[in-house]
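Every number in the working numbering is 367 more than the matching position in the sequence shown, counting from 1. Even for Gly, the Cβ is constructed at its ideal location relative to N, Cα and C. Remember, predicted model here, so these are calculated numbers, not experimental data. Everything on this sheet refers to the single structure shown next.
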Amino acid sequence: MATGYVWHELYGWHDTGTNAGLLPGDSTMLQPYLHFESPESKVRFASLVEVTGLSRHLIRIQPSPATDEDILRCHTPEHLARIEAESDHPRGGDAGDGTSPFGHRGIDIARLAAGGSIAALNAVLDGTVQNAYALVRPPGHHARPETGMGFCIFANAAIAVAHARAKNPDLRVVTMDWDVHHGNGTQAIFYDSPDVLTISMHQDSLFPPNSGPISEMGEGAGLGYAINVPLPAGTGNDGYLHALTEAVVPAIRRFAPDVIVIPSGFDASCFDPLGRMAVTASGYRAMTRVMMDVAAEVCDGRLMLTHEGGYSPTYVPICGVTVLSEMSGVPVEVIHPLYEGFDDKPESRLTDAQRAVVAEVRAAHSL
Ligand SMILES: [Zn+2]
């Protein structure tokens with residue numbers, strides 16, 4: 368069965384302005400440049416999907432803007448109203464924390480990003496496609512009910528899950544976030560829900576500060592339905608695969624979801640300027656295969672990936688196309704021999720420290 372793909376030119380128009388990475392550039396000390404969350408990595412990913420010919424094998428899914436009703440399932444009316452109001456400013460605004468800028472009418476693109484995730488999940492659930500990748504922008508997994516943060520305006524993945532559950536209240540969903548940062552927004556939105564198991568594999572103590580320790584496990588009826596795997600800085604392919612097979616897959620098997628959603632960041636890559644991990648494109652391919660296999664086992668292969676972070680303009684496209692190749696079964700080899708050498712670096716190997724974290728997660732959740 369086919370693989371779905373969401374992309375819209377407007378995702379490349381989301382305007383994060385001039386910046387020197389995260390810092391505001393100025394005319395005397397720090398030369399203005401691009402914000403880390405510039406269009407580059409995502410637009411070049413979409414371009415490579417075309418240039419490799421992969422796009423001819425994918426089912427294009429058209430996104431529609433998320434409605435107020437869609438957004439308000441996960442966010443407060445005050446948050447939505449503030450983004451709407453700031454979007455009317457000629458120079459746009461910020462989603463809440465001072466590092467999540469958007470341009471004039473930025474809300475229109477943020478609605479389209481959430482709508483892209485909704486459309487991709489719908490297509491998977493109604494059987495139009497086997498699996499789907501929503502290449503959306505701005506990202507969503509840090510956005511909390513009451514505020515945006517970390518470049519995110521609305522919680523795209525959570526909004527898609529809530530939309531699907533509004534149509535089918537019995538739907539059981541796993542979100543398995545492999546962005547290098549903690550998926551704190553998705554977790555917060557479903558923290559008291561036993562029907563959505565949120566899992567986040569992320570770099571320990573990166574962003575948000577003090578977020579995503581193993582001890583965050585859900586609350587109330589949702590206690591036990593939030594799983595965090597805070598891996599040590601430097602973790603590469605084998606460490607990620609160990610965490611997936613030893614902690615994540617057993618948790619998914621036990622939960623037995625109807626569909627799996629992956630907030631997909633490529634900022635755990637070895638070339639990312641914001642992460643300190645060492646995953647290669649081959650590693651992402653292997654992780655995709657593990658997730659496809661467990662999806663095949665527990666939920667007829669229903670799997671939706673929605674794009675989050677990833678800030679290497681040259682390597683994100685390679686990781687992304689490699690993942691899409693695995694998802695679709697279309698053989699596309701875009702890894703340059705120069706990059707293949709990174710698969711065999713010492714940081715690709717599993718360490719005792721990584722093994723210990725995974726053992727601790729297993730013990731905390733009785734896996
Ligand atoms: Zn990230």
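Helix or strand or just coil, what does DSSP make of Pro597?
Here residue 597 corresponds to residue number 230 of the sequence shown, with the count starting at 1. Correct three-state label for Pro597: strand.
Cβ shell of Gly515 (< 6 Å), same chain only, five flanking positions each side left out
Walking along the sequence shown from the start, residue 515 turns up at place 148. Only Ala462, Gly463 and Ser467 meet the Cβ criterion.
Only counting the same chain, and skipping five residues up and downstream in sequence, which positions put a Cβ closer than 6 Å to that of Tyr592?
Indexing the sequence shown from 1 puts residue 592 at position 225. Close CB contacts of Tyr592 within its chain, under the 6 Å cut and outside five residues either way in sequence, are with Pro561, Leu564 and Gly585 (chain order).
Taking its Cβ as the centre, do 16 or more other Cβ atoms sit within 10 Å of Asn551, making it buried, or is it exposed?
Translated into positions along the sequence shown, residue 551 becomes position 184. Buried, because 16 or more other Cβ atoms sit within 10 Å of the Cβ of Asn551.
Do you know whose CA, among Leu447, Met396 and Leu425, lies nearest Ala522's CA?
Residue mapping note: residue 522 aligns to position 155 of the sequence shown, counting from 1. Checking every option, the nearest Cα to that of Ala522 belongs to Leu447.
Presumed contact (8 Å Cβ cut-off) between Thr495 and Gly371, rounded CB distance:
The residue given as residue 495 occupies position 128 in the sequence shown. The residue given as residue 371 occupies position 4 in the sequence shown. With 8 Å as the limit, Thr495 and Gly371 qualify as a contact, their Cβ atoms being about 7 Å apart.
Counted within 10 angstroms of its Cβ, other Cβ atoms place Met396 as buried (16 or more) or exposed:
The residue given as residue 396 occupies position 29 in the sequence shown. If you draw a 10 Å sphere on the C-beta of Met396, you find fewer than 16 other C-beta atoms in it, and that means exposed.
Buried or exposed for Leu390, please, with buried defined as at least 16 other CB atoms from any protein chain shown within 10 angstroms of its CB.
Position 23 of the sequence shown, counted from the start, is the residue given in the question as residue 390. Burial call: exposed.
Test item: CB-CB of Leu488 and Met671 under 8 Å:
Stepping through the sequence shown from its first residue, residue 488 is reached at position 121. Stepping through the sequence shown from its first residue, residue 671 is reached at position 304. Cβ distance < 8 Å, so Leu488 and Met671 count as in contact.
Is it true that the stretch 686-695 meets the stretch 575-584, where meeting means three or more beta-carbon pairs spaced less than 8 Å apart?
Judged by Cβ distances under 8 Å, the stretch 686-695 makes no contact with the stretch 575-584, as fewer than three pairs qualify.
What residue range is occupied by the uninterrupted beta strand (DSSP E) comprising Tyr706?
Position 339 of the sequence shown, counted from the start, is the residue given in the question as residue 706. Per DSSP, Tyr706 is not a residue of any beta strand (DSSP E); the alpha helix (DSSP H) it occupies stretches across Pro704 to Glu707.
From which residue to which residue does the beta strand (DSSP E) around Ala499 run?
Residue 499 sits at position 132 when you count from the first residue of the sequence shown. Looking at the DSSP string, the run of the beta strand (DSSP E) that includes Ala499 is Asn498 to Ala501.
Candidates Ala413, Leu415 and Gly384, of which the one nearest Tyr400 by Cα
Residue mapping note: residue 400 aligns to position 33 of the sequence shown, counting from 1. Nearest C-alpha to Tyr400: Gly384.
Report the residue from Pro406, Glu714, Pro630 and Arg669 whose alpha carbon sits nearest the alpha carbon of Ala490.
Stepping through the sequence shown from its first residue, residue 490 is reached at position 123. Closest by alpha carbon: Arg669.
For Ala635, which beta-bridge partners are listed by DSSP?
In the sequence shown, counting from the first residue as 1, residue 635 sits at position 268. When beta bridges are read from the DSSP output, Ala635 appears opposite no residue.
Considering only DSSP beta bridges, list what Leu564 is partnered with.
Looking up residue 564 in the sequence shown gives position 197. In the DSSP output, where bridge partners are listed per residue, Leu564 has Val541.
Rounded Cβ spacing between Glu513 and Glu445 (contact assumed at less than 8 Å)
Residue 513 sits at position 146 when you count from the first residue of the sequence shown. Residue 445 sits at position 78 when you count from the first residue of the sequence shown. Contact between Glu513 and Glu445 holds: CB atoms are separated by about 7 Å, below the 8 Å threshold.
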